[in-house]
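In the working numbering, the protein residues as written are 715 to 833.
Note that the Cβ used here is the ideal one computed from N, Cα and C, for glycine as well.
Pasting the structure below:
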């Protein structure tokens, strides 16, 4: 995960870091815009971890978000940032077998108390 700060925009770039074959790889990026104007760039494969974003970005849908690769989210930037982190966490651990344990405490410990109630 990379974080870039610009004067007018804040980019949290989330990469799922898994090695897919060329036929499965989608190099598209999706821009998530918070209600307070911050922008977050995430890999399309990471954004597809959210059912809502998956429906919005589906090529079969008639949503404007699918054409523009931009989704507006009516939440503050710290909340959208944690949603991006969770989608990345979920994408990373998606392929684990049933016997392997997902370290959920690794993610929950990174949630500040002032954001917890909004999530």
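So which of the options has the shortest CA-CA distance to residue i?
i           : options            : result
residue 783 : 768, 790, 817      : 768
residue 800 : 781, 777, 756, 785 : 756
residue 750 : 790, 806, 821      : 790
residue 828 : 742, 811, 809, 792 : 792
Take residue i and list the residues in its own chain whose beta-carbon comes closer than 8 Å to its own, dropping the five residues that flank it on each side.
i           : result
residue 764 : 797, 801
residue 770 : 777, 779, 780, 785
residue 788 : 749
Helix, strand or coil: how does DSSP classify residue i here?
i           : result
residue 755 : strand
residue 781 : helix
residue 746 : strand
residue 802 : helix
Below 8 Å on the Cβ atoms is my guess for residue i versus residue j; work out the distance and round it to an integer in Å.
i           : j           : result
residue 754 : residue 794 : 6 Å
residue 747 : residue 786 : 5 Å
Leaving aside the five residues before and after residue i along the sequence, list all residues of the same chain whose C-beta is less than 7 Å from its C-beta, in chain order.
i           : result
residue 831 : none
residue 803 : 821
Excluding five sequence neighbours on each side, which residues of the same chain lie with their C-beta closer than 6 Å to the C-beta of residue i?
i           : result
residue 774 : none
residue 807 : 816
*Quick one: any contact between the region 806-826 and the region 772-788, if contact means 3 or more CB pairs under 8 Å?*
no
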